[in-house]
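J.: One structure coming up, written as structure tokens, with questions to follow.
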Amino acid sequence: MVRLLWLLPACTDPYTFDSDTSDSETGAPVDTDTDADTDADTDADVDADTDADSDADTDADVDADTDADAYQHLSGTLTFQRTRAGVLECDFDVDVQDVMPYTGNCTDCAFAFAVTTGIVREDSSAACELSYDDLVRSFLTSEDLNIHDRWIAFIDEHAEFDTTYWGDPRERRWSDVVEAGYQYGFAPALTGTYTLSYDGYETYSEPVPTEGAGTAHFTDTRLVFDWAETTHTYLGSAYNPSCWDAFGAEGDAALTDGDAVTGEVPCDESGIDVWQFTASSGSSLAVSLDTIDGARFSDMTMRILDPVGCEAWYEDDSFICTAQASPTETSRVCPAWGGTATQSGVYKVVVEIYGSGSCRNNATQAAYSLAVRGAERDSLVVFRDNVDPYESSSVSTTVAGDFTLVH
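The opening residue of the sequence shown carries number 218 in my numbering; numbering runs sequentially from there.
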């Protein structure tokens with residue numbers, strides 16, 4: 218089942234539709250001799266001359282302006298898939314049908330259509346979360362995220378010429394661009410190549426999409442394209458993605474109720490512990506990380522990961538730890554957090570030392586107690602024990618489309 222993840226949109230490419238819906242070719246020339254006819258002829262002659270001439274002129278002009286090769290219809294299907302650590306979590310097909318040909322300006326577009334879309338096959342798991350960008354790339358709509366008025370365009374080739382400040386001619390060229398358009402003229406590219414040339418010599422080339430890359434093959438009546446992106450999610454603190462999903466606030470004390478577990482992490486930063494618990498959307502959650510042995514004391518941190526794997530919160534110094542490195546020390550370096558679960562699923566807590574030198578008394582292991590309140594009973598269990606903090610999980614997303622066009 219597909220669920221939506223609210224994210225800000227990525228940057229769009231420089232190609233956008235002009236929202237002007239006027240058609241410069243519909244202004245057919247009108248016969249300019251009607252004044253002379255009026256002066257010389259009777260009313261009947263004026264009517265006959267004006268009607269016959271105007272009709273003939275208008276009909277001829279419309280016929281001449283109508284492109285016999287213009288595309289009248291578009292239909293097709295695209296497939297959206299995502300795998301995480303080799304496991305398929307998103308897998309669905311979207312049916313795309315034209316509403317009408319786009320009538321505004323679209324420079325060098327082979328075709329452009331306003332479209333209506335809908336999911337026609339759904340084999341996603343409960344772990345499938347669709348971001349703003351996922352919805353845009355799959356041509357879906359969302360009233361909550363204000364994504365509507367979908368359209369698709371293909372630009373076989375478009376070139377712009379200018380001169381550099383030192384006088385050399387410069388060409389900017391876009392080719393094989395499939396645009397996933399929506400309201401306000403936004404048109405993120407799924408495929409295409411951008412090339413920059415000086416005085417006829419290519420000096421720079423890159424994919425048009427701002428993220429990932431894709432290829433397109435266009436014939437007279439068919440467009441086939443694909444887009445793909447692979448990213449890596451790290452368990453370690455240095456590279457854990459935030460995904461703009463932070464929620465909750467810093468706590469101020471160690472928990473005295475809820476589920477509690479104990480563990481150790483190495484003082485040389487070679488490993489971290491990852492715990493997990495299950496919670497329902499709307500649950501009031503609280504998490505604290507406390508010391509339990511002054512001889513194995515360390516300044517520690519924790520990170521809360523939501524069910525999608527995004528970092529919901531990072532916390533460091535919240536309250537005075539229970540077990541201190543020495544009787545005279547009152548270090549306020551233990552972390553706590555509280556917040557309302559934004560979605561149902563499995564949350565994770567990453568436990569690690571603050572950094573090199575955080576352990577005291579020449580300890581090799583830092584001992585801790587982790588407590589969670591608000592989770593499902595007995596769901597707090599170890600997910601990974603003493604794992605390399607830079608171990609990554611590969612996330613691959615693909616979009617493949619196959620469209621038929623009719624003249």
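Every residue, glycine too, gets a C-beta built ideally from N, C-alpha and C.
Quick caveat, the model's predicted, so the values are computed rather than measured.
Could you compute how far the alpha carbon of Gly562 sits from the alpha carbon of Ala344?
T.: Rounded to the nearest angstrom, the two C-alpha atoms are 9 angstroms apart.
J.: Excluding sequence positions up to five away, which residues of its chain have a Cβ less than 6 angstroms from the Cβ of Asp534?
T.: The answer, listed in chain order, is Arg549, Val550.
J.: Could you have a look at Gln400 and say whether DSSP puts it in helix, strand or coil?
T.: Of the three classes helix, strand and coil, the one that applies to Gln400 here is helix, per DSSP.
J.: With C-beta atoms as the reference, is Ala470 less than 7 angstroms away from Phe536?
T.: Result yes, Cβ atoms of Ala470 and Phe536 sit closer than 7 angstroms.
J.: Please go through the same chain and pick out, in chain order, the residues whose beta-carbon is closer than 6 angstroms to the beta-carbon of Glu377, but skip the five residues on each side of it.
T.: The residues are Arg389.
J.: Below 8 angstroms on the Cβ atoms is my guess for Arg367 versus Val394; work out the distance and round it to an integer in Å.
T.: About 17 angstroms separates the two Cβ atoms, so there is no contact after all.
J.: So Leu357 is in the alpha helix (DSSP H); what residue range does that whole segment cover?
T.: Where Leu357 is concerned, there is no enclosing alpha helix (DSSP H), given that its DSSP letter is neither H nor E.
J.: Can you tell me whether Val568 is buried or exposed? The criterion is at least 16 other CB atoms within 10 Å of its CB, across all chains shown.
T.: Buried: at least 16 other Cβ atoms inside 10 Å.
J.: So, under 8 angstroms CB-CB, Pro552 and Met517 are touching, yes? Tell me the CB distance rounded to an integer number of Å.
T.: Right, their Cβ atoms sit about 7 angstroms apart.
J.: Pick from Ser611, Gln298, Ser613: whose alpha carbon is nearest that of Tyr311?
T.: It is worth fixing the name first, because residue 311 is Val in this sequence and not Tyr. Of the listed residues, the one whose Cα sits closest to Val311 is Gln298.
J.: Going by DSSP in three states, Gly511 sits in which element: helix, strand or coil?
T.: Gly511: helix per DSSP, three-state reduction.
J.: List the residues that DSSP assigns as beta-bridge partners of Arg159.
T.: Outside the shown range of the chain, which is 218 to 624, sits residue 159, and nothing can be said about it.
J.: Kindly indicate which residue of Thr408, Thr438, Arg439 has the alpha-carbon position closest to the one of Glu428.
T.: Per the Cα distances, Thr408.
J.: Checking the sheet assignment: what are the DSSP bridge partners for Leu587?
T.: Bridge partners of Leu587: Val478, Leu506.
J.: So does Gly488 have its beta carbon nearer than 6 angstroms to some heavy atom of the ligand SAM?
T.: The ligand content of the structure shown is nil, which means the ligand SAM is not present either.
J.: Is Thr621 closer than 7 angstroms to Gly293 when the C-beta atoms are compared?
T.: Going by C-beta atoms, Gly293 is nearer than 7 angstroms to Thr621.
J.: Ignore the nearest five residues each way along the sequence and tell me which others in Thr448's own chain have a CB closer than 7 angstroms to its CB.
T.: Result list for Thr448: Val612, in chain order.
J.: With distance defined between alpha-carbon atoms, name the residue in Val616, Ser500, Phe356 nearest to Thr196.
T.: Lying before the first or after the last residue shown, residue 196 is absent from the chain, which here runs from 218 to 624.
J.: DSSP three-state call for Asp516: helix, strand or coil?
T.: Residue state, collapsed to three classes: coil.
J.: Take Asp340 as the anchor and find which of Pro426, Thr296, Ala287 has the nearest alpha-carbon.
T.: For the residues Pro426, Thr296, Ala287, the minimum Cα distance to Asp340 belongs to Thr296.
J.: Starting from the Cα of Thr495, find the closest Cα among Gly574, Gly591, Asp619 and give me that residue.
T.: Out of Gly574, Gly591, Asp619, Gly591 has the C-alpha closest to the C-alpha of Thr495.
J.: Please report the straight-line C-alpha distance between Trp554 and Ala503, rounded to a whole angstrom.
T.: So the two alpha carbons sit approximately 6 angstroms from each other.
J.: Is Ile369 near Cys326, with beta carbons less than 7 angstroms apart?
T.: The answer is no: Cβ separation not under 7 angstroms.
J.: Going by DSSP, name the residue or residues bridged to Ala561.
T.: For clarity, residue 561 is Ser in the given sequence; the question names Ala instead. DSSP lists no partner for Ser561.
J.: Flag this pair as touching only if the segment 579-587 and the segment 505-525 have three or more C-beta atom pairs under 8 angstroms; answer yes or no.
T.: Yes, the segment 579-587 is in contact with the segment 505-525.
J.: How long is the line joining the alpha carbons of Ser609 and His290, rounded to whole angstroms?
T.: Rounded to whole angstroms, Ser609 to His290 spans 45 angstroms at the Cα level.
J.: Among Pro606, Gly556, Cys307, Glu306, which one has its Cα closest to the Cα of Gly572?
T.: Out of Pro606, Gly556, Cys307, Glu306, Pro606 has the C-alpha closest to the C-alpha of Gly572.
J.: Rounded to whole angstroms, what's the CA-CA distance from Gly335 to Ser348? Just pull it up for me.
T.: If I take the Cα positions, the gap works out to 17 angstroms.
J.: If Ala406 sits next to Ala430, beta carbons under 8 angstroms apart, how far is it from one beta carbon to the other, in whole angstroms?
T.: Ala406 to Ala430, Cβ: 10 angstroms. No contact.
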